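Enquirer: Per the numbering used here, the sequence shown starts with residue 484, numbered consecutively.
Dropping a structure here in C-alpha cells format, bear with me for questions.
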Amino acid sequence: MPSIAENLADVRARMERAAERAGRAPGSVLLLAVTKTQPPERVREVYAAGQRHFAENRIQEFERKRPLLELPGSEWHLVGHLQSNKSHRAVQLFDVVETVDSERLARRLDEAKEQLLLSAGDRDGRGPHGLPVFLEVKLSAEPAKTGCREEELPELARRVLEFPHLQLRGLMTMPPFTEDPEGARPYYRRLREWAGRLGLPQLSMGMTHDFEVAIEEGATLVRIGTAIFGERR
Ligand SMILES: *Cc1c(COP(=O)(O)O)cnc(C)c1O
C-alpha cells in the first residue's frame, strides 16, 4: 500500500496537471487535507510530509483531537455543518469556517469572534483579525444537503460583508454524488459564476472523486480525504 506521503505527492501532481490543463498557475489551488475520522498519528504523518492546511467537519471530533496535535503553522478549516449554538467553540478551534449558510449563524460567529479578540487584548475587537468565512451554497434540490439556497445568496453575502469580525472570502459547495465526476461540473461551474457575480475571490469545491473537474472549473481550494488517507473506516 502506498504511504500517506506518496498519496499526498500523487494528489499534488494531479492537481498541477489539472491546473495546467485549465491554463491556471500550478500554485493557484490550495490543498486541504480532510482529516475527519483519522487518528492524530495519521494527521502528524501528513504534516511531516509537508501538508499545512487541514479540514474537519465536526466540532466535537476536532475538540478531542486538537489537544493531541501540536502542529506549528497549520491552518484548520471547518467544512461541516455548524449549529449556531456551537459558534464559540468553532471560533476557538478553527481558523476558517467554510459553512456559513444563514445570517443567524453569521451573526453568532461575528459575536463569538469579537469576544475572542477582546479576551485576547484586541481593544475594540476590530481590525485585520476577522474570521475568514465562506458561504456554503446548496445547488441541488436534495433535501438532506445543508447550505443556503441560490436565491438567498446575494442577500446573505450582503449581510455577511457588514459584520465587522468576519471576512467573507468566497463560496463553498458539495454537489450531489454522481458515478461520473463529470456530473459535478455543472454545479462547479455555477458556483464559479456566482462567485464572479458577487465579486468573491475564493471557491472551495472538489473532493477525491472530482477534484480535477473542480480545478478545471476554477476551484481555489480542494478538500481531499480519501485520496490521501485511503478509505475511511
Ligand atoms: C469528507 C469531506 C470531504 C473529503 O471527502 P473525500 O471524498 O474523502 O475526499 C470534502 N468536503 C467535505 C465537506 C467533507 O465532509
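In this text, a Cβ means the ideal position worked out from N, Cα and C, and glycines have one as well.
Remember, predicted model here, so these are calculated numbers, not experimental data.
Shortest alpha-carbon distance to Pro-658 belongs to which of Arg-642, Thr-629, Glu-634, Pro-684?
Expert: With distances taken between Cα atoms, Pro-658 lies closest to Thr-629.
Enquirer: Looking at ligand 1, does it come within less than 7 Å of Val-562, judged from the CB to the closest heavy atom?
Expert: Checking the Cβ of Val-562 against ligand 1 gives yes.
Enquirer: Looking at C-beta atoms only, is the number of pairs between the stretch 695-705 and the stretch 496-514 that lie closer than 8 Å three or more?
Expert: Yes: the two stretches touch, three or more of their Cβ pairs being nearer than 8 Å.
Enquirer: Based on Cα-Cα distance, which residue from Phe-577, Lys-569, His-612 lies nearest to Phe-537?
Expert: It is Phe-577.
Enquirer: Going by DSSP, which residues form a beta bridge with Arg-632?
Expert: Note: Arg-632 sits in a beta bridge opposite Lys-621.
Enquirer: Just the Cα atoms here: how many angstroms apart are Pro-555 and Arg-507?
Expert: Approximately 30 Å between the Cα atoms of the pair.
Enquirer: For Thr-709, report the span of its alpha helix (DSSP H) as first-last.
Expert: Its alpha helix (DSSP H) spans residues 709-712.
Enquirer: Would Asp-584 be called buried (16 or more neighbouring beta carbons within 10 Å of its own) or exposed?
Expert: Counting Cβ neighbours within 10 Å, Asp-584 comes out buried, since at least 16 surround it.
Enquirer: Can you give, in chain order, each stretch of the beta strand (DSSP E) that sits fully within the stretch 518-579 and has at least 3 residues?
Expert: Fully enclosed beta strand (DSSP E) runs of 3 or longer: 536-539, 558-561.
Enquirer: Could you check whether Val-562 and Val-616 sit closer than 8 Å to each other, using their CB atoms as the reference points?
Expert: In this structure, Val-562 does not lie closer than 8 Å to Val-616 by Cβ.
Enquirer: Leaving out five residues on either side along the sequence, give the residues of the same chain with a beta carbon under 8 Å from the beta carbon of Arg-525.
Expert: Once the five neighbours on either side are set aside, the close Cβ partners of Arg-525 are Ile-487, Thr-518, Phe-712.
Enquirer: Ligand 1 and Val-579: does the residue's C-beta get closer than 7 Å to at least one heavy atom of that ligand?
Expert: No, the Cβ of Val-579 stays beyond 7 Å of every heavy atom of ligand 1.
Enquirer: So Ser-687 is in the beta strand (DSSP E); what residue range does that whole segment cover?
Expert: Counting along the chain, the beta strand (DSSP E) containing Ser-687 begins and ends at 685-687.
Enquirer: Please look up how many angstroms separate the CB atoms of Gly-613 and Leu-649, rounded, as I've assumed it's under 8 Å.
Expert: Confirmed, about 5 Å.
Enquirer: Return the Cβ separation of Gly-653 and Ala-678 in integer angstroms, given the expectation that the two are a contact with Cβ distance under 8 Å.
Expert: The pair is a contact, with the Cβ atoms about 6 Å apart (cut-off 8 Å).
Enquirer: Under a Cβ-count criterion, where at least 16 other Cβ atoms within 10 Å of its own Cβ denotes burial, should Ala-697 be classed as buried or exposed?
Expert: Buried, because 16 or more other Cβ atoms sit within 10 Å of the Cβ of Ala-697.
Enquirer: In chain order, what residues of the same chain have a beta carbon less than 7 Å from the beta carbon of Arg-668, not counting five sequence neighbours either side?
Expert: Counting only Cβ-Cβ distances below 7 Å, and skipping sequence neighbours, we find Val-696, Glu-700.
Enquirer: Relative to ligand 1, is the shortest distance from any of its heavy atoms to the C-beta of Val-494 smaller than 7 Å?
Expert: The answer is no for Val-494.
Enquirer: Taking Gln-521 as the reference, give the member of Glu-499, Arg-549, Arg-495, Ala-496 with the closest Cα.
Expert: Checked all of Glu-499, Arg-549, Arg-495, Ala-496; the closest Cα to Gln-521 is Arg-549.
Enquirer: State the beta-bridge partners of Pro-615 as determined by DSSP.
Expert: Pro-615 is bridged to Gln-650.
Enquirer: Between the Cα of Leu-674 and those of Ala-710, Asn-540, Lys-621, spot the shortest distance and give me the residue it belongs to.
Expert: Closest option to Leu-674, Cα to Cα, is Lys-621.
Enquirer: At which residue ranges does the stretch 492-518 contain complete beta strand (DSSP E) runs of 3 or more residues, listed in the order of the chain?
Expert: Here the runs fully enclosed are 513-517.
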